[in-house]
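Protein sequences, first through last, are from chains L and G. Take the first sequence: its position 38, counted from the start at 1, is 38 in my numbering, and no numbers get skipped. Just so we're on the same page, my numbering is the position in the second sequence counted from 1, plus 1000. Don't be surprised by glycine CBs; every beta carbon is placed ideally from N, CA and C. Fair warning: this is a prediction, and the values are worked out from it, not measured in the lab.
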Amino acid sequence: MSSLIQVTGLNKFFGDKQALNNVDFKIEKGAPVALVGPNGAGKTTLFSVLCGYIQPSSGSVEIFGALPGSNATFGRLAALPQDAQLDPRFSIAHQLSFYGQLQGFNKKKSKSEVERTLELVGLSDTLNEKPYALSHGMRKRVTIAQALMGTPDIVMLDEATAGLDPLHAREIRQLVASLSSDVTFILSSHDLSELERLCQQVLYLDKGILQRHKTLANDIDYSYFTLRMEKQESGLIDGLKSIKQVVDVVNSQDREYLISVQQNGEKTPIDIQILQVCHQQKWPYRQLINGKTLENQLF
Amino acid sequence: MLELHSFHRIWCLAKFELVRMFLTKRGAIAIAAFVTAWFFILYYLISAADDLVSSDIFVTIAHQIISTTGMRELLSWPVPELSVFWVVAVYSFPIFSLVAASDQTCADRSRGTLKFIALRATRAEILFGRFLGQVLILTVLIACTLIATLLMASYRDASLFFVGLIKSLDLFKNILIAVMPFIALMAFFNSFIRSARLAIIVSFLFFGLIPIAIAFIEYKLGLNTYLTYLIPGVQLSDVINQKNLLFSGYFIPLAQVCGYLLVGNIIMKRSSL
Chain L
1 MSSLIQVTGL NKFFGDKQAL NNVDFKIEKG APVALVGPNG AGKTTLFSVL CGYIQPSSGS
61 VEIFGALPGS NATFGRLAAL PQDAQLDPRF SIAHQLSFYG QLQGFNKKKS KSEVERTLEL
121 VGLSDTLNEK PYALSHGMRK RVTIAQALMG TPDIVMLDEA TAGLDPLHAR EIRQLVASLS
181 SDVTFILSSH DLSELERLCQ QVLYLDKGIL QRHKTLANDI DYSYFTLRME KQESGLIDGL
241 KSIKQVVDVV NSQDREYLIS VQQNGEKTPI DIQILQVCHQ QKWPYRQLIN GKTLENQLF
Chain G
1001 MLELHSFHRI WCLAKFELVR MFLTKRGAIA IAAFVTAWFF ILYYLISAAD DLVSSDIFVT
1061 IAHQIISTTG MRELLSWPVP ELSVFWVVAV YSFPIFSLVA ASDQTCADRS RGTLKFIALR
1121 ATRAEILFGR FLGQVLILTV LIACTLIATL LMASYRDASL FFVGLIKSLD LFKNILIAVM
1181 PFIALMAFFN SFIRSARLAI IVSFLFFGLI PIAIAFIEYK LGLNTYLTYL IPGVQLSDVI
1241 NQKNLLFSGY FIPLAQVCGY LLVGNIIMKR SSL
């Protein structure tokens, strides 16, 4: 199967500053891909190169085997650029319909695509509004709608849920999850729990270098459990260490414990034993996760 | 198929420019200013053209920009309204086009709107589409002023309509070709400038400083460098005086259009959005 995206030896310099340093990766059709990294890591630069907004200093980037920003990517690669805004002089319907026509739809099809995508993001009633009449979050959802027009193969969303209220952020996550069987999403976000829920692959950038390229689906490490508690429990570490299979317990952050275990075929599964200890000691827990959280894996 | 898609996208982009000019509030204000200015030109100059062209004032003013041969040719036109129109339009439309076409891509670039468009059209298509849109806008405006002039002439003397119509078509073509290099120059400036206001300032600096710089270079080198042919409108006095019409009326402006669009396209392709 040919890759949707193939990046080889990608470098990008802004003056003396190297924003991307010899980045290599491939993305195949499939579950959403997370692009993670601290501020200034090069995530937006990588997005911009993939969309064809900026030229790489060296290296090769292929989208569907073609150059970014070329004919072959139109209508197949869609994106929500982080800081792009719609033209304030035109209604939402007019602008999105124009984008639809650029994608090759006739007026009627463009109009129906605009209505469909605005409905997907819960903004059907803003068709004839101008962008300045909408809140920041609503404008963001409109720009997500433009990325979903037509039948794109790849949709890149840069900080899609940043600035959205929890309800609408959740709706966007549900939307991504529901469409991900047909569309390969590439999501950049600082919300690791969001990415963990949605993504199967993670690209971790730091200082322009691709530090890790992980596949989460095949990477559940059964030698770890992550336990989230209602409150910080003083005796919890010792209590858990009393379980024979538990090798180590680390208080990874407030009310969260990373438990290293040794699977040795005990009759009662280790996760049940952990929950039993919590129950016996009356330690209310919130969540028990198989393996490490994405945050614990990356940092 | 590839070319068809490309033409379709260029046409979509051009149509969007027409909507921007004629159906938005800001566009309507620009049109209102244009209509007001031309109302005064039509009312005070063109309506009085029959008397004006034979007046000493007109002959004196026109002589400042037109040679004796050109003047004789201009005064021989059967429709004096079109003579006055030509003298006014041949310089005012290029200046107006600089202002009207000052924001082809720069506002969209600084706002980030161009990023949505660049996912659906190549940079070259964006550049040519916006250029074509501005040419269409000027086409409509030139046509409207010419029709108004022709109607005024016909109202004075109905027998002038057909002869005026033929002359109008000729003037329409000449003025349209004359404004195209100015629009192309603005397309070129828009390929790297992020504000319409700055683009206008740079264009005025261009027309003010480049001729001085060229004169200085030619003085120092002691030879004709032909660099003046880079300046849009350099041929206008020849066009008015009906000299070297093939070279001045067509070749120079169309070569300038190609040159500016080509360089603008190269810069646009390499620039960051």
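In this structure, T1122/G keeps its C-beta atom at 8 angstroms or more from the C-beta atom of G163/L. In the DSSP assignment, L205/L falls within the beta strand (DSSP E) that extends over Q201 to D206. Taking a Cβ-Cβ cut-off of 7 angstroms, the neighbours of Q101/L in chain G comprise C1012, given in sequence order. Unbroken beta strand (DSSP E) stretches of 3 residues or longer found wholly inside the region 140-217 of chain L: 154-158, 184-188, 201-206 and 209-215, given in chain order.
Within the same chain, Cβ atoms closer than 8 angstroms to the Cβ of K43/L are found at L35, V36, G37, D158, S188 and L205, the five residues on either side in sequence being excluded. With a threshold of 8 angstroms between beta carbons, G1133/G makes no contact with chain L. If you look at D83/L, you'll find it isn't in any beta strand (DSSP E); DSSP assigns it neither H nor E.
Of the candidates L46/L, Q281/L, W283/L and Q95/L, the residue whose Cα lies closest to the Cα of R1020/G is Q95/L. Between the C-alpha atoms of L195/L and Q253/L there is a straight-line separation of about 19 angstroms.
Interface with chain G (8 angstroms Cβ-Cβ cutoff): I289/L is excluded.
The beta-carbon of S1272/G is placed less than 8 angstroms from the nearest beta-carbon of chain L. Buried is the label assigned to Q1104/G, since at least 16 other Cβ atoms lie within 10 Å of its Cβ. In this structure, V33/L lies near I186/L, with their beta-carbon atoms less than 8 angstroms apart. Inclusion of P131/L and L86/L in the CB contact set at 8 angstroms is warranted, their separation being smaller than that value.
Non-local C-beta neighbours of N1174/G in its own chain, meaning closer than 7 angstroms and more than five positions away in sequence, comprise V1239 and G1249, ordered along the chain. A residue is called buried when at least 16 other Cβ atoms come within 10 angstroms of its Cβ; I1166/G does not meet this threshold and is exposed. Taking a contact as a CB-CB distance under 8 angstroms, the pair I1142/G and F1093/G counts as one, their CB atoms being some 6 angstroms apart. Straight-line measurement puts the Cα of Q1134/G at about 12 angstroms from the Cα of P1181/G. Contact check between the region 1009-1027 of chain G and the region 247-261 of chain L: fewer than three CB pairs, one atom from each, fall below 8 angstroms, which does not count as touching.
I1217/G sits in a helix when the DSSP states are folded into three classes. For Q1134/G, the enclosing alpha helix (DSSP H) stretches over residues R1123 to R1156. For the 8 angstroms CB-CB criterion, T226/L and T293/L form a contact.
Per DSSP, G1249/G is not a residue of any alpha helix (DSSP H), being assigned neither H nor E. In summary, the residues of the region 1110-1122 of chain G whose CB is separated from some CB of chain L by less than 9 angstroms are R1111, G1112, T1113, L1114, K1115, F1116, I1117, A1118, L1119, R1120, A1121 and T1122, in the order they occur in the chain.
Three or more beta-carbon pairs drawn from the region 1218-1236 of chain G and the region 1249-1268 of chain G are found closer than 8 angstroms, and the two stretches are therefore classed as touching. Distance from the Cα of I272/L is smallest, within the candidate group L288/L, S124/L, V7/L and F98/L, for L288/L. Within chain G, no residue has its beta carbon less than 8 angstroms from that of I144/L; the closest one is some 12 angstroms off. Checking the DSSP bridge columns, you'll see Q18/L partnered with F13/L. Runs of the alpha helix (DSSP H) lying entirely within the region 1093-1118 of chain G, each at least 4 residues long, are 1106-1111 and 1113-1118 in chain order. Contact fails between the region 1037-1049 of chain G and the region 88-108 of chain L, because fewer than three Cβ pairs, one in each stretch, are under 8 angstroms apart. Between F1204/G and chain L, the shortest Cβ-Cβ separation is not below 8 angstroms.
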